[in-house]
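Sequential numbering of the sequence shown, starting at -9, is according to my numbering.
We put the beta carbon where it would ideally sit given N, CA and C, even for glycine.
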Amino acid sequence: MADLLKKPFGRRGKVHDITPASAGWRYVGFGLYHLRAGDTVAEATGDREVILVMVEGKARIAGAERDWGVLGDRMNVFEKTPPHCLYLPNGTEWTATAETDCVIAVCTAPGKSGHSARRIGPEGITLTERGKSVNTRYINNIAMENEDYADSLLVTEVFTPSGHWSSYPSHRHDEDDFPRITYLEETYYHRLNPANGFGIQRVYTDDGQLDKTMAVSDGDVVCVPRGHHPCGAPYGFEMYYLNVMAGPLRKWRFVPAPEVEWIMERDA
């Protein structure tokens, strides 16, 4: 299996380019651009649908034969304000010209021509609290199951306070057995505040055939092909991650790890 921890391979331009082929799976793709003011990038979606997420900064974006204007107003991701995003179906093209230094995430999955291009957010995205005690974290849902914006993609942002856990209690979504569980591949794009900090992510299966614990740095991406995948933010460091999920069915159903099932039941 390919290495699950992906380091950025530059500081300017496209610094992540995870494809199904490079990840060794079938559905999820994730790219990330670091642009300086005036930089322009362009891509064709091909047979994949795309959600562009303005992680930081502002860019003028055109796509699907339309000028969408300047998107973005969050200059630092840890402002926690709702992001500006753009959905583009398969068979289209897009360009982005940076108005300021900016970070643009390119979330992709197989497209089925079932949805039209549209802006997503910041209207309609509200930071919501999830969890209890040191399992509390804060969510910006961009395009989850309740938002019928995409054919395959599920995308969300999560902010984890220092000293807290996230994607916890441990759970997996690696079987195609709806409604009990759905098969969803997943990427985590991590940011840390302060940026010189670190976080922890473990990816493991019940049988132990996959069991990796990784120290993640600011800007890293973790691929989750199967298994449970909890994160920890050490005391003193806030953690952000952008989740991208996709599979054969655009539903998020999971089962907990046996050792933490009682926690999930207690806190329900």
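Should residue i go down as buried or exposed, given a rule of 16 or more other Cβ atoms within 10 Å for buried?
i, result
"residue 164", "buried"
"residue 35", "buried"
"residue 201", "exposed"
"residue 209", "buried"
"residue 153", "exposed"
"residue 142", "buried"
"residue -3", "exposed"
"residue 227", "buried"
"residue 38", "buried"
"residue 30", "exposed"
"residue 170", "exposed"
"residue 255", "exposed"
"residue 11", "exposed"
"residue 184", "exposed"
"residue 252", "exposed"
"residue 265", "Because residue 265 is not part of the residues shown, which for the chain are -9 to 258, the question remains open."
"residue 69", "exposed"
So who's on the other strand from residue i, going by DSSP bridges?
i, result
"residue 246", "161"
"residue 58", "Partner(s): none; residue 58 has no beta bridge."
"residue 42", "76, 96"
"residue 187", "According to DSSP, which records beta bridges pairwise, residue 187 is partnered with nothing at all."
"residue 24", "3, 93"
"residue -4", "211"
"residue 130", "147"
"residue 194", "201, 218"
"residue 37", "DSSP lists no partner for residue 37."
"residue 64", "Looking at the DSSP assignment, residue 64 forms no beta bridge with any residue, so it has no partner."
"residue 180", "231"
"residue 156", "221"
"residue 167", "171"
Pop quiz: residue i and residue j are said to be a contact at Cβ under 8 Å. What is the actual Cβ separation, rounded to whole angstroms?
i, j, result
"residue 131", "residue 146", "5 Å"
"residue 52", "residue 78", "Rounded, the Cβ-Cβ distance is 10 Å, inconsistent with contact."
"residue 182", "residue 229", "6 Å"
"residue 188", "residue 224", "7 Å"
"residue 157", "residue 221", "5 Å"
"residue 160", "residue 247", "4 Å"
"residue 49", "residue 110", "Actually they do not touch by this definition, with Cβ atoms about 15 Å apart."
"residue 177", "residue 206", "With 8 Å as the limit, residue 177 and residue 206 do not qualify as a contact, their Cβ atoms being about 12 Å apart."
"residue 237", "residue 173", "4 Å"
"residue 86", "residue 47", "10 Å between Cβ atoms; not a contact."
"residue -5", "residue 204", "5 Å"
"residue 240", "residue 144", "6 Å"
"residue 272", "residue 125", "No answer is possible for residue 272: it lies beyond the span of the chain, which begins at -9 and ends at 258."
Which stretch, first to last residue, makes up the alpha helix (DSSP H) that contains residue i?
i, result
"residue 201", "Note, residue 201: premise wrong, no alpha helix (DSSP H); beta strand (DSSP E) at 201 to 206."
"residue 228", "Element bounds for residue 228: not the alpha helix (DSSP H) but the beta strand (DSSP E), 228 to 236."
"residue 13", "10 to 13"
In terms of residue numbering, what span does the beta strand (DSSP E) encompassing residue i cover?
i, result
"residue 108", "108 to 110"
"residue 253", "Run containing residue 253: none in the beta strand (DSSP E); it sits in the alpha helix (DSSP H), 251 to 257."
"residue 53", "49 to 53"
"residue 211", "211 to 214"
"residue 18", "Premise fails: residue 18 is in no beta strand (DSSP E) and is neither H nor E."
"residue 148", "144 to 150"
"residue 171", "171 to 173"
"residue 120", "118 to 120"
"residue 31", "30 to 34"
"residue 83", "83 to 88"
Under 8 Å: do the segment 101 to 108 and the segment 214 to 222 share three or more Cβ pairs, one atom per stretch? no
How about the segment 62 to 79 and the segment 14 to 29: do they share at least three Cβ pairs that are nearer than 8 Å? no
Would the segment 58 to 66 and the segment 2 to 20 be scored as touching if the rule is three or more Cβ pairs under 8 Å? no
Closer than 8 Å is the cut-off here; do at least three beta carbon pairs connect the segment 194 to 212 with the segment 116 to 130? no
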